[in-house]
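Since the structure comes first, as structure tokens, the remarks are kept for the end.
Protein chains: 2
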Amino acid sequence: MNRLLTNRKEVAKLAGVSEATVSRVLNGIGPMKESTRVRVLEAAKRLNYELNAVASSFARGRSGNLGVVLPHVPKVHLFSTYYFSELLSGIGEAVRSRGYGLLLLFRDPSSVYDYASLYRTQRVDACIVLGANAAESESEGIDRLAAEKLPFCVMDQRFDNPLVSIVAADHVQGSYDAVKHLIGKGCRNIGFLNGSPQYSNSWDRMTGYRQALEEAGIRVDDSIVYEGNYSRTSGINVAEAVYRDLGKLDAIFVGNDRMAIGLMQGLREKGCRLPEDLKVVAYDDSDSASLTEPPLTTVKVPFYEMGKLAAERLLTLLADKDNAEPVINEILQTELKVRKSSGI
Amino acid sequence: MNRLLTNRKEVAKLAGVSEATVSRVLNGIGPMKESTRVRVLEAAKRLNYELNAVASSFARGRSGNLGVVLPHVPKVHLFSTYYFSELLSGIGEAVRSRGYGLLLLFRDPSSVYDYASLYRTQRVDACIVLGANAAESESEGIDRLAAEKLPFCVMDQRFDNPLVSIVAADHVQGSYDAVKHLIGKGCRNIGFLNGSPQYSNSWDRMTGYRQALEEAGIRVDDSIVYEGNYSRTSGINVAEAVYRDLGKLDAIFVGNDRMAIGLMQGLREKGCRLPEDLKVVAYDDSDSASLTEPPLTTVKVPFYEMGKLAAERLLTLLADKDNAEPVINEILQTELKVRKSSGI
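So the protein lines, in turn, are chains P and Z.
FYI, UniProt numbering numbers position 149 of the first sequence as 149, with every residue one higher than the one before it.
FYI, UniProt numbering numbers position 265 of the second sequence as 265, with every residue one higher than the one before it.
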């Protein structure tokens, strides 16, 4: 430990910069003037200073791993859902480019997960919590983590605690855009198939749905608001009720692509023509969205970028604790992709 | 360490079974008579013996992590490909049910990866190699790993070295079934769009394709064998050549669903009617296979089960080195799923 600290001082002295600058250059944390960067790298090379951030992490008693804690959902192939696979691809890219490992751990959402022990036992240096929900057991685990001031970030789920770091997408705006698009197509009777209420992004979609309707002077009709759980099966199951209500529906906004694909499948089996009998706007813009018949108009969520950003911010924090903001709070924008399911 | 060994001996004595049996029961390695299982668990409880396999792993200086080493492929969202996401879901399930963590690490396929250091630095107890290919750098890394007799398993890629553990699918049989199905539909002129030649599963598909043709007395025509790289874009790109050859083609067998989806997209843009102008059989049975128009006839590969099996076998090996077979060699069967792309 001492040897490493002394060396960083020596590099700083030889390059004529501060120790913090040396650490920023060697860990690739920009922005940085190119001439400064070259000077630091040359000084480091001359002094045989360890350039590999992870190698020096180990020397400082770190694991070199970023933890990703996932909920265990029986029977669901979690990595095969667009949401998790894209987030992980983004996290993976950030982790790889800095020479870190990505440690996946599974939690039981019904009990309070002991995050702190992951740090204590040096299994992770920081962690990202995926798929968290509003259950008390979940928020208690997160609150404890925040109270210990350990580096972590929750993905796409809001908590009241201002010490909880988060990277999310703006689902209020995304849902507002989706419904406004349907209103622009002349629809007045717009149903909503929302996902599970334990996720804050479900409440956000509801807020955006209501805002767009109210702004257009359309009364919100709770009898055409349906609930699924973001699975394709739940979309198929709700087709019965939507079919029964077809007389009072021009269109439906669906909380994710999987449910929309299930719903369309169920409706088609009952003889529905889409989009003639019902216009559909979905959410996510997963790979399947452009393969369905008709292709889905849907709200693109930048999951890959969200995962990458969360991981980068945490690794930056680890590399340079003194200069990085400890609490992360980033909301990324969504984008409406118009295809044929919302009418031609 | 000593304390743990003594305890296992005591539990064995109290339960009236061997130490190996205690270890098998506590690590959940079946089959096991229920009465024996109950006796061991009761003895363990009475002696306050640590039931958590991972906790005792740590005590023995283990990491509690199974490593999964993936190739870095620039610009590809690896976890969003059906192949990797299903394998990881299976591995994840096995790892979770035994309380292990899953450490994802990225390798550069063009240089020899130093697997052994992962074990030396106690980052992993065992590892699974995904996406390996026939490049010399890759086989040299794997050979070194095998030479050190460290617990590992390569997924779906064959190597000549008999010390290399492998879990794979029978792609010769899968491809044979696909082509035989087309022959049964009356096709004689069956093209083949294969994936990258650096994967042994590509050679296996070629073998199965040739076997089915030869058995039916059909000459293999190299002018209707095309090459892609398993990406959707490569399927789109090959559409030009396939369209030109339509006069001499009844059908085409495609090495995976992604390429088939790209090929069908490219052909449709040129005015092709599918399956009327060309019958298509694909490979994988990914989520998208039933969403395309027409839905894909395709060979289902049990990726989830392959991942789960490899991880279970490795964790069994770790839990009970003396009784488990050190070299894993499992070939799982595929299954043809008939849909409309191969004709009605």
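In this text, a Cβ means the ideal position worked out from N, Cα and C, and glycines have one as well.
Listed along the chain, the chain P residues whose CB falls inside 7 Å of the CB of residue 293(Z) are 293. If one requires a minimum length of 3 residues, the beta strand (DSSP E) runs lying completely within the segment 263-301 of chain Z are 279-284 and 297-300, in chain order.
Contact annotation for residue 79(P) against chain Z: 79, 85, 88, 89 and 92 [CB-CB distance below 7 Å, chain order]. The bridge partners DSSP lists for residue 152(Z) are 127(Z). Nearest CB-CB separation between residue 256(P) and chain Z: not below the 8 Å threshold. Taking residue 16(P) as the centre and dropping the five residues before and after it, the same chain places the C-beta of 39 closer than 8 Å to its C-beta, in chain order.
Pairing residue 259(P) with residue 232(P) gives a Cβ-Cβ distance under 8 Å. The Cβ-Cβ distance between residue 319(P) and residue 91(P) does not fall below 8 Å. A straight-line Cα-Cα distance of about 24 Å links residue 150(P) and residue 19(P). Beta-bridge partners of residue 205(Z) (DSSP): none assigned. By the rule that beta-carbons nearer than 8 Å mark a contact, residue 304(Z) touches chain P. Ranked by Cα distance from residue 139(P), the options 97(P), 200(P) and 21(P) are led by 200(P). Interface annotation, residue 263(P): not in contact with chain Z, CB-CB separation never under 8 Å. Using a 10 angstroms sphere on the CB of residue 163(P), the tally of other CB atoms stays under 16, which defines it as exposed. In the three-state reduction of the DSSP assignment, residue 237(P) falls in the helix class. For the 8 Å CB-CB criterion, residue 277(Z) and residue 189(Z) do not form a contact. Assigned with DSSP and collapsed to three states, residue 337(Z) falls in strand.
At least one C-beta of chain P is nearer than 8 Å to the C-beta of residue 287(Z). Annotation: the continuous alpha helix (DSSP H) that includes residue 44(P) extends over 34-46. The beta carbon of residue 148(Z) is closer than 6 Å to those of 116 in its chain, skipping five residues each way along the sequence. Contact residues of the segment 94-108 of chain Z toward chain P are 96, 101, 102, 103, 104, 105 and 106 (C-beta to C-beta distance below 7 Å).
The C-alpha of residue 219(Z) lies about 30 Å from the C-alpha of residue 160(Z). In terms of beta-carbon proximity, residue 123(P) lines the interface with chain Z, with at least one pair separated by less than 8 Å. Residues of the same chain with a CB within less than 6 Å of the CB of residue 299(P), apart from the 5 flanking positions on each side, are 174, 178, 283, 334 and 336 in chain order.
Using a Cβ-Cβ cut-off of 8 Å, residue 65(Z) counts as an interface residue toward chain P, since at least one Cβ of chain P sits closer than that to its own. Residues of the same chain with a CB within less than 7 Å of the CB of residue 209(P), apart from the 5 flanking positions on each side, are 175, 179, 192 and 253 in chain order. As a beta-bridge residue in DSSP terms, residue 68(Z) pairs with 104(Z) and 128(Z). The beta carbon of residue 32(P) is closer than 7 Å to those of 24 and 25 in its chain, skipping five residues each way along the sequence. Put simply, the CB of residue 181(Z) is far from chain P, with every gap to its CB atoms at 8 Å or more.
The DSSP-derived three-state label of residue 79(P) is helix.
Short of 8 Å from the beta carbon of residue 8(Z), and not among the five residues preceding or following it, lie these beta carbons of its own chain, in chain order: 19, 22, 23 and 49. When the Cα atoms are used, residue 126(Z) and residue 62(Z) turn out to be separated by approximately 10 Å. Within a 10 Å sphere around the beta-carbon of residue 279(P) sit 16 or more other beta-carbons, which makes this residue buried. In the three-state reduction of the DSSP assignment, residue 314(P) falls in the helix class. Contact of residue 171(P) with chain Z is not assigned, every C-beta pair being separated by 8 Å or more.
For residue 95(Z), the number of other beta carbons within 10 angstroms of its own is at least 16, and it is reported as buried.
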